[in-house]
Amino acid sequence: MSMRTPLGKVRGLGSAKEGTEHFWRQRLTAVANIPLVIIGLWLVISLVGAPYSEVRATLASPLVAIFIALFSISVLYHMHLGMQVVIEDYVHGELRKVLLIMLNTFFVFFSGALVAFAVFKLAFGG
Amino acid sequence: MRQTQAKSSRPLSPHLEIYKPIPTMVASIMHRITGAALYFGMFLFSWWLFAAATDAAYFDWVNGLFGSLLGRVVLLGFTWALVHHMLGGVKHLVQDTGRAMEKHFTTKMARLHFAVSIVLTILIWIAAYAAR
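So the sequence lines, in the order shown, correspond to chains A and B. Using numbering that gives the first Met the number 0, the first residue of the first sequence is number 0, and each one after it goes up by one. Using numbering that gives the first Met the number 0, the first residue of the second sequence is number 0, and each one after it goes up by one.
Next comes the structure, spelled out in structure tokens:
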């Protein structure tokens, strides 16, 4: 027997079944992106035109590797949410919309896979 | 079937092109366009990391592409889109709290937004060139 109240059972279950989660995560990642992007710009500026060995050494250092992982998770999550809204706003055919929303997820994961491979290889590959 | 036809011939409310562009509107539209551009720009970052993890020859090749004239133009646009979208994002976060909503103020802020994003982009590129 469920001990939950009728209100508790339906709270947060709008038509999207997730309440304000999309809005909230969009803001959460937006706030996270502010320091992450500033540090990211600084990192890229410091590596512009650097020789390969120096770039590898920098990207392999623990703090930089952890930073890139955090940066990528936050940015990829944020852009996935954003592109989903753009698709929902402008694509009206139901099939095309669903396919593009899937493609959005695939693209984000593919981009994430490249980053994951690079971070692991650079940090642990020696 | 009939329902589908009725749906396709429904009148639509007027879209963006019938309105006279005003600063706040242009800033808002640019926020979305820069967001979409950054979506693909992030892939350049992923690709660059992937190249760094591969080997020196591939990394140099990718760096060569990024350093070409077209590459630099794309990266300059990417930098501006990033700065503009971030400033717009900060503005949205402030407005989420109910502040900075007065119409004359938002118009001034939208004008300033473009100016600041361009100046910051130039400063970032000066820093990048000065670093080497």
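Just so you know, even glycine gets a beta-carbon here, dropped at the ideal spot from N, CA and C. All values derive from a computational prediction rather than experimental measurement.
Asked, Found
"Rounded separation between MET0 (chain B) and THR33 (chain B) - CA only", "Note that MET0 (chain B) scores 42 on pLDDT, short of 50, meaning its location in the model is unreliable and no value can be drawn from it."
"Backbone secondary structure at HIS14 (chain B) - three-state DSSP", "coil"
"Straight-line gap, LEU122 (chain B) to ALA52 (chain B) (C-alpha atoms, nearest Å)", "29 Å"
"Outcome for HIS112 (chain B) when other beta-carbon atoms lying within 10 angstroms are tallied against a minimum of 16", "buried"
"Interfacial residues, the stretch 33 to 52 of chain B to chain A, with Cβ spacing under 7 Å", "GLY34, ALA35, LEU37, TYR38, MET41, PHE42, SER45, TRP46, LEU48, PHE49, ALA51, ALA52"
"Any C-beta of chain B under 8 Å from that of TYR76 (chain A)", "no"
"Interface residues of chain B facing ALA31 (chain A) [CB-CB closer than 8 Å]", "Result: empty, since nearest Cβ-Cβ is about 11 Å, beyond 8 Å."
"Given ALA117 (chain A) as reference, the closest of B:THR105, B:ILE125, B:ALA129, B:PHE49 once Cα atoms are compared", "B:PHE49"
"Pair within 8 Å by beta-carbon distance, VAL107 (chain A) and LEU75 (chain A)", "yes"
"The stretch 98 to 107 of chain A in contact with the stretch 77 to 88 of chain A per 3-pair CB rule at 8 Å", "yes"
"8 Å Cβ cutoff, LEU113 (chain A) in contact with chain B", "yes"
"THR96 (chain B) classed as buried or exposed, judged by whether at least 16 other C-beta atoms fall within 10 angstroms", "exposed"
"Span separating the alpha-carbon of ALA122 (chain A) from that of LEU35 (chain A)", "19 Å"
"Enclosing alpha helix (DSSP H) for SER67 (chain B) [first to last residue]", "Premise fails: SER67 (chain B) is in no alpha helix (DSSP H) and is neither H nor E."
"Cβ-based burial, ILE130 (chain A) [other Cβ within 10 Å; buried from 16]", "As displayed, chain A neither begins before 0 nor continues past 125, which places residue 130 (chain A) out of reach and without an answer."
"Burial state of SER127 (chain A), where buried means 16 or more other Cβ atoms lie within 10 Å", "Any property of residue 127 (chain A) remains undetermined from this structure, which presents chain A solely from 0 to 125."
"Closest residue to MET101 (chain A) among A:TRP23, A:GLY124, A:GLU87 (Cα-Cα distance)", "A:GLU87"
"Where GLU93 (chain A) sits in the DSSP three-state scheme", "helix"
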